[in-house]
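For reference, the structure is listed below as structure tokens.
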Amino acid sequence: MNRNKRTSRLLASPYIAWALIFIIVPLVMIFFYGLTDETGAFTLENIAAIAQPVHARALWLALALSVISTVICFFLAYPLGMILAKNKLSSQSLIITLFILPMWMNFLLRTLAWMTLMENKGVINGILSFLHLPEMNVINTPGAIVIGMVYNFLPFMILPIYNSLSSIDDNVLNAARDLGADERQTFFKVTLPLTVPGIISGVTMVFIPALTTFAISTMLGGSKILLIGNVIEQEFTLAYDWNLGAGLSIVLMVFIVVNMVISIISDNKGDEG
Amino acid sequence: MSKELIQLNHISKSFDGELILDDLCLTIHENEFVTLLGPSGCGKTTTLRIIGGFEKPDKGQVIFDGMDITYLAPNKRPLNTVFQKYALFTHMDVAENIAFGLKIKNKSREYIEDKIHYALKLVNLDGYEHRMPGSLSGGQQQRVAIARAIVNEPKVLLLDEPLGALDLKLRQDMQYELIRLKNELGITFIYVTHDQEEALTMSDHIVVMNQGYIQQEGSPEDIYNEPENAFVADFIGDSNIIHATMVRDELVNILDTEFVCVDRDFGENKPVDVVIRPEDVELVPRGKGTMPGTVSHVIFKGVHYEMEVQAGGFEWLVHSTRLFDVGSEIDIKVDPFNIQVMNRPESEDEEAMAIDE
Ligand SMILES: Nc1ncnc2c1ncn2[C@@H]1O[C@H](COP(=O)(O)OP(=O)(O)OP(=O)(O)O)[C@@H](O)[C@H]1O
Ligand SMILES: [Mg+2]
Chain H
4 MNRNKRTSRL LASPYIAWAL IFIIVPLVMI FFYGLTDETG AFTLENIAAI AQPVHARALW
64 LALALSVIST VICFFLAYPL GMILAKNKLS SQSLIITLFI LPMWMNFLLR TLAWMTLMEN
124 KGVINGILSF LHLPEMNVIN TPGAIVIGMV YNFLPFMILP IYNSLSSIDD NVLNAARDLG
184 ADERQTFFKV TLPLTVPGII SGVTMVFIPA LTTFAISTML GGSKILLIGN VIEQEFTLAY
244 DWNLGAGLSI VLMVFIVVNM VISIISDNKG DEG
Chain B
5 MSKELIQLNH ISKSFDGELI LDDLCLTIHE NEFVTLLGPS GCGKTTTLRI IGGFEKPDKG
65 QVIFDGMDIT YLAPNKRPLN TVFQKYALFT HMDVAENIAF GLKIKNKSRE YIEDKIHYAL
125 KLVNLDGYEH RMPGSLSGGQ QQRVAIARAI VNEPKVLLLD EPLGALDLKL RQDMQYELIR
185 LKNELGITFI YVTHDQEEAL TMSDHIVVMN QGYIQQEGSP EDIYNEPENA FVADFIGDSN
245 IIHATMVRDE LVNILDTEFV CVDRDFGENK PVDVVIRPED VELVPRGKGT MPGTVSHVIF
305 KGVHYEMEVQ AGGFEWLVHS TRLFDVGSEI DIKVDPFNIQ VMNRPESEDE EAMAIDE
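First to last, the sequence lines map onto chains H and B.
All residue numbers for the first sequence refer to our numbering, where the first residue is 4 and numbers rise by one.
All residue numbers for the second sequence refer to our numbering, where the first residue is 5 and numbers rise by one.
This is the structure we're talking about:
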């Protein structure tokens, strides 16, 4: 037993080293910069800076847009997951591939494509004017950012939901019907609760990248709309104020950690069952 | 006989162009323990699913208590099912699982509490209310599935190989529990299994199926002692099935030796099949029996010896408590009552069809 433990520790060592170098060290550095000023003295100012109107507004907007995007992703993904899980045919892998295929392309390229689509003189408005319909002004609005987020992160919602839906035994649903439940009751009392773990991991996988993104908002939101991700990015790359950037990152981290904790707790609950 | 409760009228069902049930007719009486017995893939589960409402037949009707329920949704049917792999709700504890059907029917809390208590007692799971299904053994999950079904007081309980996943000892215990349960509840059980011993032990009425046809139905004794065809004889226990010729009434020629039997009305010199159970073949000293043979193989089986005897060019299977050593020169003797004569179908297809009439 002892020997087993030693071998497994030995085997784990590359991963531990990897985790140390690429996760722990950067995290420590973020906390170091975030909790000090230029002179290296301890301060909470960088954290408190979130209260400044510009920063608070950026955080609030980022939270709002990522929540909206997550909700939209959920309502698109769940019915689709149900259709996919129900049709246990070969066409299912085709549809899944269609959803995963875009992920093989670079994320920035795909977002850039939406830019050309939604531009004021872009493809969509071209088609609209050709059809003598009023043109739309989507680019550089929060709406454009939401479209970009939903488009980019939707697969991360579909896959876990599809997985948890397709792992439900048909006879469990039949059992609910057998015991008197109609289709609606079966859905709300059995299907939905059984897919909660899938929903939570989908929500986590959409919400966190949406909350922290700066690429999507930069490309589709123009320079006017600042999300907290943009603010942090600018502090690091333009203002060279690493302390402030790190301080705001810590604030953002709190939201992510809260989300993770919720997902872990409910995951454990699911495991008990 | 008690009242007719369920009738399957000329049910046909195909999947992907393949005929799974062909013009199946079956009547089930009130308070019977009916078993659908047959090899894997013969359509037992499909039949049960049609009764439960999870599958619609392509043709035919399901009549329940005089009412056509062929197209009635499963949640509207006065019957409950115990599924092949339990199908418990893993996100609910045992009590919530059992309460599921009652909550849907908006029963009062006290009523539900009472029922949970009563059902757990009935299946010997007192005190398991708040365990999660995942933490229970197969046998315990099985009993929760049964409890969950019976609290709804169905008129009929459908059980699809409920003991299939259990080990032999637990299986036997559960068989007795199910019989006790059935007697206590006084309801109809429709039970699916491919285990002939289980069917013989538990049933009032056995329906032997093969390839979507009913081969024979009757009491366990009928099925065992008077199989109507070679398939049934072979499927229900060990047997010697031999091509023979009916010489005339009460005389059959088996492997060029004439045996007296009790069957009549097959005609003269008609090709037939005969079934002789291994325990009905008597071995007697040479000269005292009907057909000479030699013991070629002996296995001790606990209760009896299983012997193979070469006689008339056929390898006879014999069960006897009396041992004859390998090489013994003996005679075979069969009591006329123990020779079961059956029509021999001309072809395989006819074999399946002829018996369905
Ligand atoms: N939904 C379905 N789609 C396609 N074929 C099916 C379907 N359900 C059953 N079948 C086919 O119908 C045949 C009978 O199936 P059924 O489940 O009734 O067999 P069974 O007698 O219950 O067998 P077992 O003892 O293995 O459970 C099988 O060949 C099976 O492949
Ligand atoms: Mg089956």
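We put the beta carbon where it would ideally sit given N, CA and C, even for glycine.
Source: prediction; values computed, not measured.
Residue-level contact to chain B via CB, residue i, 8 Å cutoff
{"i": "residue 129 of chain H", "result": "no"}
{"i": "residue 270 of chain H", "result": "no"}
{"i": "residue 88 of chain H", "result": "no"}
{"i": "residue 84 of chain H", "result": "no"}
{"i": "residue 187 of chain H", "result": "no"}
{"i": "residue 212 of chain H", "result": "no"}
{"i": "residue 37 of chain H", "result": "no"}
{"i": "residue 166 of chain H", "result": "no"}
{"i": "residue 244 of chain H", "result": "no"}
{"i": "residue 174 of chain H", "result": "yes"}
{"i": "residue 105 of chain H", "result": "no"}
{"i": "residue 196 of chain H", "result": "yes"}
{"i": "residue 205 of chain H", "result": "no"}
{"i": "residue 193 of chain H", "result": "yes"}
Residue-chain proximity (residue i, chain H), Cβ-Cβ < 8 Å
{"i": "residue 318 of chain B", "result": "no"}
{"i": "residue 51 of chain B", "result": "no"}
{"i": "residue 87 of chain B", "result": "yes"}
{"i": "residue 3 of chain B", "result": "Since the displayed chain B opens at 5 and closes at 361, residue 3 of chain B lies outside it and no answer follows."}
Coarse secondary structure for residue i, derived from DSSP in three states
{"i": "residue 134 of chain B", "result": "coil"}
{"i": "residue 283 of chain B", "result": "helix"}
{"i": "residue 100 of chain H", "result": "helix"}
{"i": "residue 44 of chain H", "result": "coil"}
{"i": "residue 264 of chain B", "result": "strand"}
{"i": "residue 31 of chain B", "result": "strand"}
{"i": "residue 276 of chain H", "result": "Residue placement at residue 276 of chain H is flagged as unreliable, the pLDDT there being 40, under the threshold of 50; the coordinate-derived value follows with that caveat. Residue 276 of chain H falls in the coil class under three-state DSSP."}
{"i": "residue 142 of chain H", "result": "coil"}
{"i": "residue 193 of chain B", "result": "strand"}
{"i": "residue 228 of chain H", "result": "coil"}
{"i": "residue 171 of chain H", "result": "coil"}
{"i": "residue 16 of chain H", "result": "helix"}
{"i": "residue 137 of chain H", "result": "coil"}
{"i": "residue 181 of chain H", "result": "helix"}
{"i": "residue 41 of chain B", "result": "strand"}
{"i": "residue 222 of chain B", "result": "strand"}
Through-space distance from residue j to residue i, alpha-carbon basis
{"i": "residue 15 of chain H", "j": "residue 31 of chain H", "result": "22 Å"}
{"i": "residue 178 of chain H", "j": "residue 196 of chain B", "result": "17 Å"}
{"i": "residue 223 of chain B", "j": "residue 343 of chain B", "result": "19 Å"}
{"i": "residue 149 of chain B", "j": "residue 102 of chain B", "result": "8 Å"}
{"i": "residue 100 of chain H", "j": "residue 219 of chain H", "result": "24 Å"}
{"i": "residue 251 of chain H", "j": "residue 54 of chain H", "result": "10 Å"}
{"i": "residue 275 of chain H", "j": "residue 138 of chain B", "result": "At residue 275 of chain H, the pLDDT of 47 sits below 50, so the modelled position is not reliable and the matter cannot be decided from this model."}
{"i": "residue 317 of chain B", "j": "residue 285 of chain B", "result": "16 Å"}
{"i": "residue 186 of chain B", "j": "residue 180 of chain B", "result": "10 Å"}
{"i": "residue 104 of chain H", "j": "residue 127 of chain H", "result": "23 Å"}
{"i": "residue 169 of chain B", "j": "residue 53 of chain B", "result": "20 Å"}
{"i": "residue 23 of chain H", "j": "residue 12 of chain H", "result": "15 Å"}
{"i": "residue 263 of chain B", "j": "residue 293 of chain B", "result": "11 Å"}
{"i": "residue 227 of chain H", "j": "residue 237 of chain H", "result": "13 Å"}
{"i": "residue 194 of chain B", "j": "residue 11 of chain B", "result": "13 Å"}
{"i": "residue 20 of chain B", "j": "residue 47 of chain B", "result": "14 Å"}
{"i": "residue 196 of chain H", "j": "residue 118 of chain H", "result": "38 Å"}
{"i": "residue 322 of chain B", "j": "residue 283 of chain B", "result": "6 Å"}
{"i": "residue 3 of chain B", "j": "residue 171 of chain H", "result": "Shown here, chain B extends from 5 to 361; a query on residue 3 of chain B therefore has no answer."}
Opening and closing residue of the beta strand (DSSP E) in which residue i lies
{"i": "residue 252 of chain B", "result": "244-252"}
{"i": "residue 69 of chain H", "result": "Element bounds for residue 69 of chain H: not the beta strand (DSSP E) but the alpha helix (DSSP H), 56-89."}
{"i": "residue 85 of chain B", "result": "83-86"}
{"i": "residue 374 of chain B", "result": "In the structure as shown, chain B begins at 5 and stops at 361. Residue 374 of chain B is therefore absent and cannot be evaluated."}
{"i": "residue 10 of chain B", "result": "8-19"}
The alpha helix (DSSP H) enclosing residue i, as first and last residue numbers
{"i": "residue 318 of chain B", "result": "Not the alpha helix (DSSP H): residue 318 of chain B falls in the beta strand (DSSP E), residues 318-324."}
{"i": "residue 206 of chain H", "result": "199-215"}
Indicate whether the contact test is met: 3 or more Cβ pairs, each with one atom in the segment 152-162 of chain H and one in the segment 66-85 of chain B, closer than 8 Å. By the Cβ rule, the segment 152-162 of chain H does not count as touching the segment 66-85 of chain B, because fewer than three pairs are nearer than 8 Å.
Is the segment 223-241 of chain B touching the segment 257-275 of chain B, taking contact as three or more C-beta pairs under 8 Å? No: the two stretches stay apart, fewer than three of their Cβ pairs being nearer than 8 Å.
Can you list the residues near ligand 4, meaning Cβ strictly closer than 5 Å to any non-hydrogen atom, in the order they appear in the chain? The model on display carries ligand 1 and ligand 2 but not ligand 4.
Pairing CB atoms from the segment 64-74 of chain H with CB atoms from the segment 141-153 of chain H, are three or more of them under 8 Å? Yes, they touch.
Across the segment 202-221 of chain B and the segment 27-41 of chain B, are there enough close Cβ pairs to call them in contact, namely three or more that are closer than 8 Å? Touching, yes, given that three or more Cβ pairs across the two stretches are closer than 8 Å.
contact_flag[the segment 128-142 of chain B, the segment 57-70 of chain B] where n(CB pairs < 8 Å) is 3 or more: Counting Cβ pairs under 8 Å, fewer than three are found: no touch.
The segment 267-279 of chain B / the segment 298-314 of chain B touching (three or more Cβ pairs under 8 Å): Using a C-beta cut-off of 8 Å, the segment 267-279 of chain B makes no contact with the segment 298-314 of chain B, since fewer than three inter-stretch Cβ pairs fall below that distance.
When you compare the segment 110-129 of chain H with the segment 37-53 of chain H, are there three or more beta-carbon pairs, one atom per stretch, that lie closer than 8 Å? Not touching, per the Cβ criterion.
Contact between the segment 259-268 of chain H and the segment 117-128 of chain B: three or more CB pairs below 8 Å? Cβ pair count under 8 Å is below three, so no.
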